[in-house]
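Data block below; observations after.
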Amino acid sequence: MQVPLCAFAGQPATAEPGPTLDTFQFSEPRVVLTHTSAIGIAGWLPDDQRLLITKDIPGTNRQAVETVNTQTGEELSMLNASR
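Take the sequence shown: its position 69, counting from 1, is numbered 1415 in the numbering used here, and each next residue is one higher.
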């Protein structure tokens, strides 16, 4: 049985330019977290203030999973695991 080919009857969308960078306000960059080993960012949490991160634990073959509040700097350990 052959699958029929797709037929696109509509017109392609026109690419409208988005807003320019001068319409946004950027704050000065600031350090919110430092660590002596590798840090991996897994993603933003739904509150848009905390990051889910992994940190290598120096001198071991382990990682820590933590959340970091980018507003307050508060770190909360979730898990320490072997790789």
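No residue lacks a Cβ here, since even glycine has one placed at the ideal position from N, Cα and C.
At what residues does the beta strand (DSSP E) containing residue i begin and finish?
i: residue 1407; result: Residue 1407 -> no beta strand (DSSP E), and no H or E assigned at all.
i: residue 1389; result: 1385-1390
Measure the CB-CB distance between residue i and residue j and report whether it falls below 8 Å.
i: residue 1332; j: residue 1413; result: No statement about residue 1332 is possible, as the shown extent of the chain runs from 1347 to 1429 and does not include it.
i: residue 1404; j: residue 1383; result: yes
Distance, Cα to Cα, residue i vs residue j?
i: residue 1410; j: residue 1396; result: 16 Å
i: residue 1362; j: residue 1375; result: 30 Å
i: residue 1418; j: residue 1367; result: 27 Å
i: residue 1377; j: residue 1416; result: 9 Å
i: residue 1381; j: residue 1393; result: 24 Å
i: residue 1402; j: residue 1351; result: 50 Å
i: residue 1370; j: residue 1408; result: 40 Å
I believe residue i touches residue j by the beta-carbon criterion, under 8 Å. Please report the beta-carbon distance rounded to the nearest angstrom.
i: residue 1386; j: residue 1400; result: 4 Å
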